[in-house]
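Student: I am attaching a structure below and will ask some questions about it afterwards.
Protein chains: 2
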Amino acid sequence: MKRIKTSPASAPALKDANLRRFMGYNMKRAYLTIDAGLRPVLEGLGLRPATFSALAVIVDNPDITQTMLGQALHIERSGVVLIVDDLEAADLITRNKVEGDRRSYALRLTLKGRKLWARARQMVEDHDNLILAGLSPQERTLLKDLLNRIETAPLAEPGETT
Amino acid sequence: MKRIKTSPASAPALKDANLRRFMGYNMKRAYLTIDAGLRPVLEGLGLRPATFSALAVIVDNPDITQTMLGQALHIERSGVVLIVDDLEAADLITRNKVEGDRRSYALRLTLKGRKLWARARQMVEDHDNLILAGLSPQERTLLKDLLNRIETAPLAEPGETT
DNA sequence: TATTGTTATACTCTATAACTATA
DNA sequence: TATAGTTATAGAGTATAACAATA
Numbered sequence: 043m044k045r046i047k048t049s050p051a052s053a054p055a056l057k058d059a060n061l062r063r064f065m066g067y068n069m070k071r072a073y074l075t076i077d078a079g080l081r082p083v084l085e086g087l088g089l090r091p092a093t094f095s096a097l098a099v100i101v102d103n104p105d106i107t108q109t110m111l112g113q114a115l116h117i118e119r120s121g122v123v124l125i126v127d128d129l130e131a132a133d134l135i136t137r138n139k140v141e142g143d144r145r146s147y148a149l150r151l152t153l154k155g156r157k158l159w160a161r162a163r164q165m166v167e168d169h170d171n172l173i174l175a176g177l178s179p180q181e182r183t184l185l186k187d188l189l190n191r192i193e194t195a196p197l198a199e200p201g202e203t204t
Numbered sequence: 043m044k045r046i047k048t049s050p051a052s053a054p055a056l057k058d059a060n061l062r063r064f065m066g067y068n069m070k071r072a073y074l075t076i077d078a079g080l081r082p083v084l085e086g087l088g089l090r091p092a093t094f095s096a097l098a099v100i101v102d103n104p105d106i107t108q109t110m111l112g113q114a115l116h117i118e119r120s121g122v123v124l125i126v127d128d129l130e131a132a133d134l135i136t137r138n139k140v141e142g143d144r145r146s147y148a149l150r151l152t153l154k155g156r157k158l159w160a161r162a163r164q165m166v167e168d169h170d171n172l173i174l175a176g177l178s179p180q181e182r183t184l185l186k187d188l189l190n191r192i193e194t195a196p197l198a199e200p201g202e203t204t
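Chains as they are written, first to last, in my numbering: chain A, 43 to 204; chain B, 43 to 204.
Right, dumping it as structure tokens:
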């Protein structure tokens, strides 16, 4: 009949202890697990992780400029353009005139944008709870804290290469 | 004249509490922080994260096939080819004949490969210690455990990519 | 001169599909 | 028919560089 598949679908069956020693690999795998589950959720709303994140920041900072949005998301201005184009085309945000500086735009959510954000936020929150079902509230808080401490480590931010 | 610089170079200064609510974003930022620091380290050895990981798995599983390597690294066979090509071209591994199945190769490190691996492993370990300097041994172990629990959550594995 | 937004371009990573040579 | 490895290709995602309008 059938075969004894090398790997049913989940079990690694292969030794990777050598790789698991390193924090980066464990981090990448956990991140990709969350990302893989999140994408289809956002897709159902016509969003991508990048556009979802941009919405979140704009909600938090009404009338933010594209340059500032890029700083918040850690992406280049040229990349922000594509994301904002996307959100504007979907009628979720508007690029508004800024009095005093005709070079920049003040980004704001439309009514449709606010409605979609409410839905998106809830769905992503639900997905978070699903993916974190095995962790207690204290463990979730602790995990975020540990992640943030790595991100903001004195040696991490300097930014340049080595 | 002057202005009030939006952001010196590191301080966010922008509210992103809305984004920080979600585990995925915190995870992504911490992961990218580690990755950004790790790449230049590996680059100095002529490696990329992918080739480093492949070396780690081959060291752990002598005579592993390319298909199995792909399963261990969670990448497609076509992607494995490029990585193995890379490592072979650098004279770090060899594709060896397998008796009983002329379709597959048994991957093994060369002497040069073993020497480089020893160096690479040490350097990545050092980088890990640098990036994790702010975490106690217990916290590091706990972090890995929490990450692995997310990765192997019952709900995480099942799905296809989408 | 410097900055904002924009465009064009390129590079990395990874997936899909089709092909070959085996099994 | 199915599998291992390969190739070609395409799609995200993101970066760099150059440019126009404005400061």
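Cβ coordinates follow ideal geometry from the N, Cα and C atoms, glycine included. Since the model is a prediction, treat every value here as computed from it, not as a measurement.
Under three-state DSSP, which class holds residue 191 of chain B?
Tutor: helix
Student: Quick one, which of B:97, B:122, B:56, B:125 has its alpha-carbon nearest residue 161 of chain B's?
Tutor: B:97
Student: Consider the Cβ of residue 117 of chain B: report whether some Cβ of chain A lies at a distance smaller than 8 Å.
Tutor: Among the CB atoms of chain A, none fall inside 8 Å of the CB of residue 117 of chain B.
Student: For the region 65-80 of chain B, which residues have a beta carbon sitting closer than 7 Å to at least one beta carbon of chain A?
Tutor: 65, 66, 67, 68, 69, 70, 71, 72, 73, 75, 76, 77, 79, 80
Student: In this structure, how does DSSP classify residue 158 of chain A when only helix, strand and coil are distinguished?
Tutor: helix
Student: So what does DSSP say about residue 138 of chain B, is it helix, strand or coil?
Tutor: strand
Student: Just checking my contact of residue 114 of chain A with residue 99 of chain A at CB under 8 Å: how many whole Å lie between their CB atoms?
Tutor: The Cβ separation is near 5 Å, so the contact holds.
Student: Please list the partners that residue 95 of chain A has in chain B, where partner means a Cβ-to-Cβ separation under 7 Å.
Tutor: Chain B residues near residue 95 of chain A: 61, 67.
Student: Residues of the region 156-176 of chain A with a CB closer than 7 Å to any CB of chain B: list them in chain order, please.
Tutor: 166, 170, 172, 173, 174, 175, 176
Student: May I ask you to report which of helix, strand or coil DSSP gives residue 175 of chain A?
Tutor: coil
Student: For residue 156 of chain A and residue 130 of chain A, I'd like the C-alpha separation in whole angstroms.
Tutor: 13 Å
Student: Taking the runs of the beta strand (DSSP E) that are 3 residues or longer, which of them lie wholly in the region 64-141 of chain B?
Tutor: Counting whole runs of 3 or more residues, the region 64-141 of chain B contains the beta strand (DSSP E) stretches 135-139.
Student: Which first and last residues belong to the alpha helix (DSSP H) in which residue 61 of chain B is found?
Tutor: Residue 61 of chain B -> alpha helix (DSSP H) spans 59-62.
Student: How big is the Cα-Cα spacing for residue 138 of chain B and residue 117 of chain B?
Tutor: 21 Å
Student: Secondary structure at residue 151 of chain B, three-state DSSP: helix, strand or coil?
Tutor: strand
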